[in-house]
Amino acid sequence: MSFFKNMFSSSDDNGSKESKINWIELTDLGQLNEISTLSSEKAVAIFKHSTRCSISRMALKQFENEFDSSGKVTLYFLDLIANREVSNEIAHRFGITHQSPQLILIKDGKATYHVSHSDIDAEELGKKV
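So the number in my numbering is just where the residue sits in the sequence shown, counting from 1, plus 10.
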């Protein structure tokens with residue numbers, strides 16, 4: 011869990027804040043089949059994050075702070091720098107252009123909503139679920 015602790019903390023807060031989201035780390039191409047299957051029963055969202063980008067870090071923190079974990083959506087987290095092959099397959103499989111940061115909502119095996127950068131909004135995701 012230290013990866014996520016470091017991801018969601020900054021030098022300002024001395025690591026005192028951890029993510030309140032129970033992210034599922036997306037690291038393997040096989041998980042995309044799992045996501046497609048799961049999305050037939052429950053909405054799935056993928057947050058694509060670049061660990062080298064301050065805009066991506068800000069979007070991630072804002073999303074995490076605003077997200078209401080009502081249980082309506084299963085959340086996957088993709089470190090696209092470490093898992094570029096998975097990121098490329100997401101774009102191909104779901105027919106969307108790669109962006110970073112990017113939030114993608116999957117329902118019934120299809121991308122039904124996707125936004126990037128400052129358009130990433132936890133409240134809006136809740137409305138789409």
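The beta-carbon is built from N, C-alpha and C at its ideal position, and this holds for glycine as well.
- Query: What distance in whole Å lies between the Cβ atoms of residue 49 and residue 118, which are believed to be in contact at a cut-off of 8 Å?
  - Reply: The Cβ separation is near 6 Å, so the contact holds.
- Close-in-space but distant-in-sequence residues of the same chain around residue 86 (CB under 6 Å, 5 per side omitted): 34, 36, 56
- Query: Assuming residue 89 and residue 61 make a contact with CB atoms under 8 Å, what is their CB distance in whole Å?
  - Reply: 6 Å
- Task: To the nearest angstrom, report how far apart residue 83 and residue 115 are at their CA atoms.
- Result: 9 Å
- Per DSSP, the bridge partner or partners of residue 87: 35, 57
- Query: residue 42 and residue 91: beta carbons closer than 9 Å?
  - Reply: One thing to note: residue 42 has its Cβ no nearer than 9 Å to the Cβ of residue 91.
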